[in-house]
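*Asks:* In the numbering used here, the protein residues as written are 7 to 637. One structure, pasted below without further comment.
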């Protein structure tokens with residue numbers, strides 16, 4: 007009988023199980039310290055059939071490091087199912103698994119994910135972005151413990167879910183720039199660093215360099231000895247106690263390319279599609295293979311059960327096969343019926359409708375490009391007065407029957423900014439400012455929004471908060487964050503001083519959030535807080551049935567849209583006019599509508615009453631109206 011993959015203690019006996027189908031013999035090597043080159047013990051594993059090898063013992067292996075030797079080859083291979091790993095900080099990422107006795111005590115029993123995912127307001131962020139800027143003065147910068155210090159900020163903003171960029175152990179170092187290392191020549195990344203984390207190396211282990219107190223300097227061993235497990239669990243626990251769900255960004259479509267990744271050495275053709283590169287990174291996973299599918303499913307189960315993770319955002323979901331996607335979702339829902347499962351509906355194929363048919367949510371690029379645009383110079387969206395983007399579909403849930411992408415608005419994640427591409431703040435700056443003002447800008451003047459930019463940002467926040475589906479914002483969007491490429495010591499980046507649309511490699515203030523900038527654009531920050539509060543108090547803005555929504559006819563402006571939604575208690579009207587010059591008109595059929603929000607009454611108290619059934623909507627403005635039903 008095959009025991010679970012990895013290292014497990016069952017009925018007082020510890021089992022080490024490894025899939026190595028091409029091996030003639032496999033040895034288990036035990037080490038006292040992670041940096042030791044000579045093991046304290048060699049243990050011969052036995053073949054148990056179907057490519058699996060096993061060693062078992064009644065001894066305790068707590069606080070022991072281990073790795074595997076395959077056919078006496080020089081490379082030591084770490085356990086791909088390791089729960090904790092210690093790694094050397096270079097591009098090879100030499101690794102040893104660490105056996106850790108976890109005694110964490112959870113205190114989040116009262117937390118519940120919203121049953122309807124459309125009630126989620128997701129805040130996408132990188133853990134280091136949130137904690138590393140010197141002005142933040144975080145006592146634990148760049149760590150899980152440091153992120154706990156920022157939870158108060160999330161609560162104050164009002165979001166109820168946080169989506170972390172990858173937290174699984176990943177290869178953070180790339181080969182040295184412009185140095186030939188074996189068959190590899192790094193011509194693309196002068197930073198020789200992978201900051202974002204989209205190069206997973208161990209799918210069961212939390213990223214060790216986010217543990218507090220570890221060594222992060224080049225060539226040192228990053229050796230948290232299980233602290234990364236306890237600290238990540240503490241972070242999730244504290245977020246849950248604050249009423250905030252935790253979503254992990256996961257990368258199962260490819261593996262790290264240049265390090266000693268176990269999957270490449272154990273059974274490359276079983277785990278990987280050797281001759282495909284739809285990820286753009288190489289090493290695309292072979293999800294249709296039984297062993298790769300098993301790894302993905304067991305990884306998701308593990309994070310739900312052991313770390314109480316509430317949801318997952320899959321990177322480049324199109325690379326994975328449909329059978330695996332269905333099996334993963336079903337397995338996740340067995341652990342938590344309200345689990346959040348979303349992904350990018352591209353990579354090898356574009357299949358948003360099919361994903362929603364399989365019960366998956368999608369990052370809605372039609373929404374993003376329709377409202378914001380795909381390029382700040384060449385393809386601006388509805389936000390900028392472009393009348394060809396069909397905003398009504400975006401407002402009402404992006405349903406396929408209306409010309410959208412999904413079968414139900416439960417499956418659309420609406421967003422205007424993510425870690426990819428320019429920030430919304432920079433997108434609008436590029437679209438509205440002379441190019442010369444965007445290179446080596448003076449900080450405060452650059453961050454400060456012009457009247458036109460501030461108006462566009464308020465419109466964007468209003469549109470996003472009043473669109474059916476799941477709402478997501480990216481960290482710093484609430485104050486028009488900018489990513490200006492800062493000089494980095496010892497690195498020649500010809501784009502220094504410019505705005506960054508792909509900051510994946512920069513572990514510096516290009517990415518770090520300076521929360522002092524909130525004071526520069528305080529009105530926008532307050533507007534986001536207000537829109538989040540209104541959305542949370544008015545579920546008809548996010549989760550109305552399509553049959554209860556009527557798209558309104560707008561006249562006078564080609565770039566205007568609106569809808570009315572019926573609930574048992576009231577009727578709610580959402581109106582937007584993004585034209586720079588034209589006034590829009592809409593006949594609501596009756597008067598007496600209470601103005602809950604517009605640019606002139608930003609408090610949201612709703613004291614003004616519309617005396618006419620005809621609504622005039624000024625250029626670049628919005629209005630939220632309600633009318634209680636008598637009764």
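C-beta: ideal position from N, C-alpha, C; glycine also.
Excluding the five sequence neighbours on either side, which residues of its own chain have a C-beta within less than 7 angstroms of the C-beta of residue 305, listed in chain order?
*Replies:* So the qualifying residues of the chain are 209 and 210.
*Asks:* Please list the segments of the alpha helix (DSSP H) lying wholly inside the stretch 217 to 263, counting only runs of 4 or more residues, in order along the chain.
*Replies:* If we require 4 residues or more, the alpha helix (DSSP H) runs fully inside the stretch 217 to 263 come out as 233 to 247.
*Asks:* Taking residue 256 and residue 321 to be in contact with their CB atoms under 8 angstroms, please state how far apart those CB atoms are, rounded to whole angstroms.
*Replies:* Contact holds; Cβ gap of about 7 angstroms.
*Asks:* Leaving aside the five residues before and after residue 635 along the sequence, list all residues of the same chain whose C-beta is less than 8 angstroms from its C-beta, in chain order.
*Replies:* Cβ neighbours of residue 635 beyond the five flanking positions: 574, 575, 576 and 577.
*Asks:* Within 10 Å of its beta-carbon, does residue 293 have 16 or more other beta-carbons around it, so buried, or fewer, so exposed?
*Replies:* Burial call: buried.
*Asks:* Does the stretch 477 to 497 come within contact of the stretch 511 to 522, defined as at least 3 CB pairs closer than 8 angstroms?
*Replies:* Flag = yes, the stretch 477 to 497 and the stretch 511 to 522 touch.
*Asks:* Grab me the residues of residue 269's own chain with a C-beta within less than 7 angstroms of its C-beta, minus the 5 sequence neighbours each way, in chain order.
*Replies:* Contacts found: 86, 261, 277 and 278.
*Asks:* Can you name, in chain order, every residue of its own chain whose Cβ lies under 6 angstroms from the Cβ of residue 127, other than the five neighbours on each side?
*Replies:* Counting only Cβ-Cβ distances below 6 angstroms, and skipping sequence neighbours, we find 165, 166, 477 and 538.
*Asks:* With a floor of 4 residues, list each alpha helix (DSSP H) that falls wholly inside the stretch 57 to 99, ordered by position along the chain.
*Replies:* You should have found no qualifying run.
*Asks:* Is residue 267 near residue 290, with beta carbons less than 8 angstroms apart?
*Replies:* No.
*Asks:* Does the distance from the CB of residue 534 to the CB of residue 24 come in under 8 angstroms?
*Replies:* Cβ atoms of residue 534 and residue 24: not closer than 8 angstroms.
*Asks:* What is the DSSP secondary structure of residue 291, reduced to helix, strand or coil?
*Replies:* Of the three classes helix, strand and coil, the one that applies to residue 291 here is strand, per DSSP.
*Asks:* Rounded to a whole number of angstroms, what is the C-alpha to C-alpha distance between residue 161 and residue 118?
*Replies:* Residue 161 and residue 118: Cα-Cα distance of roughly 16 angstroms.
*Asks:* Rounded to the nearest angstrom, how far is the Cβ of residue 459 from that of residue 438, given a contact under 8 angstroms?
*Replies:* About 6 angstroms separates the two Cβ atoms, so the contact holds.
*Asks:* Go through its chain and collect everything with a Cβ distance to residue 386's Cβ below 7 angstroms, but skip five positions before and after it.
*Replies:* If we look at residue 386 and ignore the five residues flanking it on each side, its Cβ neighbours are 379, 392 and 437.
*Asks:* Are the CB atoms of residue 564 and residue 585 nearer to each other than 8 angstroms?
*Replies:* Yes. Within cutoff.
*Asks:* Going by beta-carbon coordinates alone, are residue 105 and residue 48 separated by less than 8 angstroms?
*Replies:* Taking 8 angstroms as the Cβ cut-off, residue 105 and residue 48 do not qualify as a contacting pair.
*Asks:* Quick check on the DSSP output: what are the complete beta strand (DSSP E) runs of length 3 or more inside the stretch 127 to 213, in order along the chain?
*Replies:* Whole beta strand (DSSP E) segments, 3+ residues: 127 to 131, 167 to 170, 174 to 176 and 206 to 212.
*Asks:* Expressed to the nearest angstrom, what Euclidean distance is found between the alpha-carbon atoms of residue 331 and residue 370?
*Replies:* Residue 331 and residue 370: Cα-Cα distance of roughly 18 angstroms.
*Asks:* Compute the distance between the beta-carbons of residue 523 and residue 453, then report whether it is under 8 angstroms.
*Replies:* Their beta carbons are under 8 angstroms apart, which means residue 523 touches residue 453 by this criterion.
*Asks:* Within its chain, find whatever has a CB closer than 6 angstroms to the CB of residue 480; leave out the 5 residues flanking it on each side and keep chain order.
*Replies:* Counting only Cβ-Cβ distances below 6 angstroms, and skipping sequence neighbours, we find 130, 423 and 424.
*Asks:* Can you tell which of 570, 52, 169 and 530 has its C-alpha closest to the C-alpha of residue 318?
*Replies:* Selected option, being the one with the closest Cα: 169.
*Asks:* So, under 8 angstroms CB-CB, residue 520 and residue 141 are touching, yes? Tell me the CB distance rounded to an integer number of Å.
*Replies:* About 5 angstroms; that satisfies the 8 angstroms criterion.
*Asks:* Let's see if you can read the secondary structure: which residues bound the beta strand (DSSP E) around residue 634?
*Replies:* Its beta strand (DSSP E) spans residues 627 to 634.
*Asks:* Could you pull out every residue in the same chain whose Cβ sits closer than 7 angstroms to the Cβ of residue 245, ignoring the five residues on either side in sequence?
*Replies:* These residues qualify, in order along the chain: 157, 168 and 252.
*Asks:* One question on the structure: do residue 632 and residue 600 come within less than 8 angstroms of each other, judged by their Cβ atoms?
*Replies:* For residue 632 and residue 600, yes; Cβs fall inside 8 angstroms.
*Asks:* What are the boundary residues of the beta strand (DSSP E) that includes residue 566?
*Replies:* Residues 566 to 572.
*Asks:* Under a three-way DSSP split, which group does residue 444 fall into?
*Replies:* Residue state, collapsed to three classes: helix.
*Asks:* Output the distance between the C-alpha atoms of residue 138 and residue 43, rounded to the nearest integer angstrom.
*Replies:* C-alpha separation (whole angstroms): 34 angstroms.
*Asks:* Going by DSSP, what residues sit across from residue 102 in a beta bridge?
*Replies:* BP columns for residue 102 point to 92.
*Asks:* Under 7 angstroms from any heavy atom of the ligand ADP, does the C-beta of residue 483 make it?
*Replies:* Ligands are entirely absent from the displayed structure, and the ligand ADP is therefore not among its contents.
*Asks:* With three or more beta-carbon pairs closer than 8 angstroms as the criterion, would you say the stretch 183 to 203 touches the stretch 105 to 115?
*Replies:* The stretch 183 to 203 vs the stretch 105 to 115: no contact.
*Asks:* Our contact map puts residue 177 next to residue 205 with C-beta atoms below 8 angstroms; I'd like the distance itself, whole angstroms only.
*Replies:* Contact holds; Cβ gap of about 5 angstroms.
*Asks:* Going straight from the alpha carbon of residue 297 to that of residue 507, what length do you get?
*Replies:* Residue 297 and residue 507: Cα-Cα distance of roughly 36 angstroms.
*Asks:* Give me the Cβ distance between residue 82 and residue 75, rounded to the nearest whole Å; I'm assuming they're in contact under 8 angstroms.
*Replies:* About 6 angstroms; that satisfies the 8 angstroms criterion.
*Asks:* To the nearest whole angstrom, what separates the beta carbons of residue 103 and residue 72, a pair I think is in contact under 8 angstroms?
*Replies:* Contact flag correct, Cβ pair sits at about 5 angstroms.
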